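Numbering (full-length UniProt numbering), first residue to last: 1 to 122.
Cβ atoms here follow ideal geometry from the backbone N, Cα and C, with glycine treated the same way.
Since we're looking at a predicted model, the values are computed, not measured.
One structure below.
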């Protein structure tokens, strides 16, 4: 969970840096080099608060059990986090919607598997 929180913090810093020239009046147009990427960073940042919510809930439930967390759950959590990083890179740096959808599917399935294991391994 900490890795994802740090990633989201990085995205906030990146968005701030990209928006700063416009906010401070240093540029007058969206045709600047970062003008095209700013909406994609903003959209990606919003994405970090949608499906990841289910990741956080299942992680909190796993930790609250008080017993050791299964290594498969830990592996799935890392798949999710790595997938979120890759998803951000694809969404921010490219316009490849198919690849972004594929990466999202991997994230989606990792969290779904975490929930499945949590419910049926109790």
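Item: Locate the alpha helix (DSSP H) running through residue 202, then write down its first and last residues.; Value: Nothing about residue 202 can be read from this structure; the chain reaches only from 1 to 122.
Item: From the DSSP output, in three-state form, read off residue 37 for me.; Value: coil
Item: Roughly how many angstroms separate the alpha carbons of residue 113 and residue 90, rounded to a whole number?; Value: 23 Å
Item: Alpha carbon to alpha carbon, how far is residue 102 from residue 96? Give it in angstroms, no decimals.; Value: 10 Å
Item: What did DSSP end up calling residue 67 once you bin it into helix, strand or coil?; Value: coil
Item: What separation, rounded to the nearest whole angstrom, lies between the Cα atoms of residue 8 and residue 52?; Value: 11 Å
Item: Would you report the Cα separation of residue 56 and residue 64, rounded to the nearest angstrom?; Value: 12 Å
Item: Take residue 99 and list the residues in its own chain whose beta-carbon comes closer than 7 Å to its own, dropping the five residues that flank it on each side.; Value: 90
Item: Compute the Euclidean distance between the alpha carbons of residue 15 and residue 116, then round it to the nearest angstrom.; Value: 35 Å
Item: Indicate whether residue 81 and residue 4 have their beta-carbon atoms separated by less than 9 Å.; Value: yes
Item: What distance in whole Å lies between the Cβ atoms of residue 44 and residue 88, which are believed to be in contact at a cut-off of 8 Å?; Value: 5 Å
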